[in-house]
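Number of protein chains: 2
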Amino acid sequence: MTTTPCVLALDVGGTFMKGAVVGREGVIRHEMRAPTPQRVSVGQGLDEIAGQLRSMLELARDLQLEVVGVCVAVPGIVDEASGTIRYAASLGWPEVPVSQELSSRLDRQVLIAHDVRAGGLAESRVGASVGVRDSLFVAVGTGISAALVVDGSPVSAGGMAGEIGHVTVPDQATTCVCGRHGCLESVASASAIARAYGDLSGTEVAGAVEVADRVRAGDPTAAAVWERATDALGAVLASCAAVLGSQVVVVGGGLSRAGPLLVEPLTRRLIDRMGAAPAPRVVSAVLGDAAGCLGAAMLAWRSTDARTHA
Amino acid sequence: MTTTPCVLALDVGGTFMKGAVVGREGVIRHEMRAPTPQRVSVGQGLDEIAGQLRSMLELARDLQLEVVGVCVAVPGIVDEASGTIRYAASLGWPEVPVSQELSSRLDRQVLIAHDVRAGGLAESRVGASVGVRDSLFVAVGTGISAALVVDGSPVSAGGMAGEIGHVTVPDQATTCVCGRHGCLESVASASAIARAYGDLSGTEVAGAVEVADRVRAGDPTAAAVWERATDALGAVLASCAAVLGSQVVVVGGGLSRAGPLLVEPLTRRLIDRMGAAPAPRVVSAVLGDAAGCLGAAMLAWRSTDARTHA
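From first to last, the protein sequence lines are chains A and B. For the first sequence, the tail end lands on 310 under this note's numbering, and the numbers increase by one without skipping. For the second sequence, the tail end lands on 620 under this note's numbering, and the numbers increase by one without skipping.
Here's what the structure looks like:
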């Protein structure tokens, strides 16, 4: 009996871990979702992730699939080459050699990927920027970070690429979670938009998507908060897109659910601020929260194929 | 008799063409300099460049060297892959298939390179950013453009990468050569600095280096012009360095002759504006106006070696 090969992909998000058993050509054979370990030690967190992978390995065996690669997408400053998280605020982790720790727990090679770079790769292969060689994916959620796809591949720069969340934007004095003032993230992230609207209007909102609803309903406070956020994001993205020569900017993360309300002002800002250089097309991400998991699966397949052909 | 191989490199600048006959390991066997054809048709310009290459071919023959590659570095929007200049304001050229035109005139393959990307490559291999995988080279002269070195290689994005000269900087209303207002180039280029000082002080200066001298001598008008320029440049470079995760920013072009007067304020601005992300080291270029020619020679060797090993 010949076995069918597959890879395991797991995206460790702030709230949920999303896993998938993925066949060649990206066919998803099984998906799972489990809560991300919260307020546990690094060792316990790694144990829980390893446990999740172990149950996915068993599942693959039950499905009579042969697991040929495993990749885990994680947030933070992630150096894929050494398999290390340098720092992950959302997990509360310091520097951790995640790849090595998980590989020894499972007694097989486990790769790690950066969640946003994995998402950007997936959007460029099967999502919003298919067929585009040079694109910029920007994830706007609790924080803001970007993934550069240059000549078809995500750029890591030892984990430092795409860290635009704390670039200072002019004339903004909001205090950021990092303790500094005027960071892009403190003005234009989904959480910053919700917080700013609450502060200015005295009305608590569930999140930035509710602020977007209020913009559409004609609320002038919501419109001012929204304009400040898209102005700041547009200013930083203009420099990024100009230096990269990006043809497309894909906006993902929670804020992208605002759709045209986000895409249209960003398009205008990029045209205004990029002057003589051709501004990229701005589009919403299409893969939603599946992007990181799909990208991790692609990286697992890529590594497996490189090993096979070496 | 065995012949020694060499490549020909020619950097077509705004004023001069700089050529070199370059051996393996970058040994320069001969250098030349000739005026760049001015105010001639595209065809005449190409004829003059071809003539220059022909005399370099003869010279190599006299030196008993075998020419195994030829690369010409040119300014503008340059798509190296197709060998085409998309637009070159300083030469007054529209879209021209330069590689094909020169190859047919010389009856041998002539590659083209972008002058700033070639310079950035040279600085990363034998200049100011040796040993650094991810660096950003910014050439500040009549205009401003950048070269991204990502994982050791220059990024082109079809010729569009690095075009930061016309990114709009906040609160600047100066009219740019492109007809728009507030472009980075209209505030922070060497020519803009000289012009702004002349306008504000009523004193004509030979160039930005003279403005730098006046800053050092305590001239408050010169200091204000200089601060405005370095602020604007720092703001755009902060976003670029953050998204790229650059470890080093190399400042080249005419303005880099200002040395620490430029490097120190840019270093401060990058630290200020990059917040939580580690700011890159800022250094002056070290290869001067030889960088483009050296980079073109490296690209010629790289292409020759790829052909030989294919």
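For glycine and all other residues, C-beta sits at the position ideal for the given N, C-alpha and C. Bear in mind the structure is a predicted one, so any value in this text is a computation, not a measurement.
Taking the Cβ atoms as the reference, L431 of chain B lies roughly 7 Å from V459 of chain B, within the contact range of under 8 Å.
Around the beta carbon of R583 of chain B, 16 or more other beta carbons sit within 10 angstroms, so the residue counts as buried.
Our two residues, P480 of chain B and L609 of chain B, have alpha carbons roughly 38 Å apart in a direct line. In terms of Cβ geometry, C71 of chain A and A9 of chain A form a close pair [threshold 8 Å].
When DSSP assignments are scanned along the stretch 489-575 of chain B, the uninterrupted stretches of alpha helix (DSSP H) that are 4 or more residues long and fall wholly within it turn out to be 495-498, 500-511, 518-526 and 530-554. Taking the C-beta atoms as reference points, D461 of chain B is found nearer than 8 Å to R443 of chain B.
Distance from the Cα of L572 of chain B is smallest, within the candidate group B:S499, B:V440, B:Q482 and B:S439, for B:S499. With respect to chain A, the C-beta atom of V465 of chain B has a partner C-beta closer than 8 Å. Exposed is the label assigned to V27 of chain A, since fewer than 16 other Cβ atoms lie within 10 Å of its Cβ.
When Cβ pairs closer than 8 Å are counted between the two stretches, the stretch 214-225 of chain A is seen not to touch the stretch 248-257 of chain A, the count staying below three. I474 of chain B reaches chain A at S239, A242, V243 and A277, counting residues in chain order whose Cβ is nearer than 9 Å.
Three or more Cβ pairs closer than 8 Å define a contact, and the stretch 547-559 of chain B meets that threshold against the stretch 158-170 of chain A.
Taking L369 of chain B as reference, the option from B:I387, B:Q348, B:A330 and B:R334 with the minimal CA-CA separation is B:A330. None of the residues of the stretch 63-82 of chain A has a beta carbon lying less than 7 Å from any beta carbon of chain B. The stretch 533-542 of chain B makes contact with the stretch 502-511 of chain B, as at least three CB pairs between them are under 8 Å. Identification of chain B residues near V167 of chain A by a Cβ-Cβ cut-off of 7 Å yields A548, S549, A552, R583, M584 and G585, ordered along the chain.
Listed in chain order, the positions of the stretch 450-462 of chain B with a beta carbon within less than 8 Å of a beta carbon of chain A are A456, L458, V460 and D461.
Here the alpha carbons of F16 of chain A and R61 of chain A stand approximately 24 Å from one another.
Within chain A, no residue has its beta carbon less than 9 Å from that of A527 of chain B; the closest one is some 30 Å off. Contacts between P575 of chain B and chain A, judged by CB atoms closer than 7 Å, are missing: the closest CB pair is about 15 Å apart. Straight across, the Cα-Cα distance linking S400 of chain B with G386 of chain B is about 7 Å. At a cut-off of 8 Å between beta carbons, G131 of chain A makes no contact with chain B.
Among the residues of chain B, none has a CB under 9 Å from the CB of R268 of chain A; the nearest is roughly 13 Å distant. Taking V377 of chain B as reference, the option from B:R334, B:C488 and B:A595 with the minimal CA-CA separation is B:R334. For the C-beta of A502 of chain B, not a single chain A residue is nearer than 7 Å; the gap to the nearest is close to 14 Å. As the crow flies, the alpha-carbon of T267 of chain A is around 10 Å from that of L237 of chain A. Taking V384 of chain B as the centre and dropping the five residues before and after it, the same chain places the C-beta of V322, I395, A398, L401, V408, I422, A423, H424 and D425 closer than 8 Å to its C-beta, in chain order. Contact with chain B is found for G158 of chain A, since one of that chain's Cβ atoms lies less than 8 Å from the residue's Cβ.
Residue pairing from DSSP leaves D289 of chain A without any beta-bridge partner. In chain A, no part has a C-beta under 7 Å from the C-beta of D425 of chain B; the shortest such distance is about 16 Å.
Residues of chain B with a Cβ closer than 9 Å to the Cβ of C178 of chain A are, in chain order, G585 and A586. Rounded to whole angstroms, the separation of the alpha carbons of V420 of chain B and R257 of chain A is 49 Å. For E48 of chain A, the enclosing alpha helix (DSSP H) starts and ends at V42 to D62. Nearest in C-alpha terms to L565 of chain B, of all of B:S466, B:A589 and B:V593, is B:V593. Under the DSSP assignment, E411 of chain B falls in the alpha helix (DSSP H) whose first and last residues are V408 to L416. Beyond the five residues adjoining it in sequence on each side, S496 of chain B comes within less than 6 Å, by CB distance, of T484, C486 and A502 in the same chain, given in chain order.
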